[in-house]
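Visitor:
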Amino acid sequence: MAQTLPRDEGPAMDCRVAFPASALLARLDRRSPTMAPWAAYLPRPLRPAAVPAWLAAGGAASSTEEQDTESLRSLPSLVTGHVWALSRDPAGCRQVQRAFDATDDEAVLSGLASELRGHVLEASRCPHGNHVLQRCIMVVRPQALQFIVDEVERGALPTAHHKYGCRVVQCLVRRCPPGQLRGLARALLSAAAESCLHPYGNYVVQCLLEFGNEEDRRRLLAVLREHAARLCRDSRGLAVLGS
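For the sequence shown, my numbering assigns the number 98 to the initial residue and increments by one for each residue that follows.
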């Protein structure tokens, strides 16, 4: 008769070796209020002996969120005095934009914006600074943006015809009341036909047609009628005519 060998039971299947779904569910059911959620998934010998109270019941996530919120609130004070320098840097410009978004205090926003005074034209043509200018224009009250309007007006056409500057001009047209932009609008309208055919200027003309006051739109329409034949032969001119 063949000898029956003792059955090899193998190693005990406790949580240190195997961790089936049933064990997971049981652990979750027995979880202590003072135990961090992730600790329930660990084999008992690996569980931390003590878990800080803030880490229990999801405290780690909430603490990180609180730290992020606090960091965001402190951004305006951190970038104050360094706005222009940071605006020319790829990473710094993002920090400045976040600083503009981090506060609703008009005095703080105006203070951040004022650090761009004297640098507006350079910023409008900077691959990083133009984003800061756009964010500034969108969140700062229009009355505090007059220095930006004035500086752009002094270089209106070159800025409107620049691949970055045209975005800044469009932001001003969308954000500021027409009365604040009379001088800028006059400068732009003085070469409207040329701008209609320009790779970037045509976007500014389309923006004026949409957001300009009635007088500006009437003058633009007169230009479009006068140069319609020429504009129809150009894809950019057609885009303006169709706007």
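Think of the CB as a built atom: it goes at the ideal place given N, C-alpha and C, for glycine as much as any other residue.
Hey, could you find the ends of the alpha helix (DSSP H) Gln267 is sitting in?
Guide: The residue given as residue 267 occupies position 170 in the sequence shown. Segment Gly262 to Arg272, the alpha helix (DSSP H) holding Gln267.
Visitor: Taking the alpha helix (DSSP H) that Cys304 falls in, what are its first and last residues?
Guide: Locating residue 304 in the sequence shown gives position 207, where the first residue counts as 1. Per DSSP, Cys304 belongs to the alpha helix (DSSP H) from Gly298 to Phe308.
Visitor: Figure out for me which residue from His295, Glu312, Arg279 and Val337 has the closest Cα to the Cα of Cys263.
Guide: Position 166 of the sequence shown, counted from the first residue, corresponds to residue 263. Checked all of His295, Glu312, Arg279 and Val337; the closest Cα to Cys263 is His295.
Visitor: Assign Glu212 to one of three DSSP states: helix, strand, or coil.
Guide: Position 115 of the sequence shown holds residue 212. Here Glu212 sits in coil by DSSP.
Visitor: Judging by CA-CA distance, which residue of Gly215, Ile234, His228 and Ala241 is the nearest neighbour of Arg251?
Guide: Here the question's residue 251 lines up with position 154 in the sequence shown. Selected option, being the one with the closest Cα: Gly215.
Visitor: Alpha carbon to alpha carbon, what distance is there between Val246 and Cys304?
Guide: Counted from its first residue, the sequence shown places residue 304 at position 207. Counted from its first residue, the sequence shown places residue 246 at position 149. Cα to Cα, the separation comes out at about 16 Å.
Visitor: Using a 10 Å radius around the Cβ and a threshold of 16 neighbouring Cβ atoms, would you call Gln267 buried or exposed?
Guide: Position 170 of the sequence shown, counted from the start, is the residue given in the question as residue 267. That one is buried.
Visitor: From what residue to what residue does the alpha helix (DSSP H) around His228 run?
Guide: In the sequence shown, the residue the question calls residue 228 occupies position 131. His228 -> alpha helix (DSSP H) spans Gly226 to Val236.
Visitor: Can you tell which of Val236, Ser207 and Gly334 has the C-alpha that lies nearest to the C-alpha of Phe244?
Guide: Translated into the one-based positions of the sequence shown, residue 244 becomes position 147. With distances taken between Cα atoms, Phe244 lies closest to Ser207.
Visitor: Are the CB atoms of Leu230 and Val270 nearer to each other than 8 Å?
Guide: For the purposes of this step, residue 230 is taken as residue 133 along the sequence shown, with counting starting at 1. For the purposes of this step, residue 270 is taken as residue 173 along the sequence shown, with counting starting at 1. Cβ distance not < 8 Å, so Leu230 and Val270 don't count as in contact.
Visitor: Can you tell me which of the three DSSP states Gly189 falls into?
Guide: By one-based count along the sequence shown, residue 189 stands at place 92. In the three-state reduction of the DSSP assignment, Gly189 falls in the helix class, which pools H, G and I.
Visitor: So, is Arg315 buried or exposed, given that buried needs 16 or more other C-beta atoms within 10 angstroms?
Guide: Taking the first residue of the sequence shown as 1, we reach residue 315 at position 218. Result: exposed.
Visitor: What residue from Ala325, His259 and Gln277 has the CA that sits closest to Tyr300's CA?
Guide: Along the sequence shown, one-based indexing puts residue 300 at 203. Checked all of Ala325, His259 and Gln277; the closest Cα to Tyr300 is His259.
Visitor: Check whether the Cβ atoms of Val236 and Asp186 lie closer than 8 Å to each other.
Guide: Position 139 of the sequence shown, counting from 1, holds the residue named residue 236. Position 89 of the sequence shown, counting from 1, holds the residue named residue 186. Annotated as distal: Val236 and Asp186, with beta-carbon spacing of 8 Å or more.
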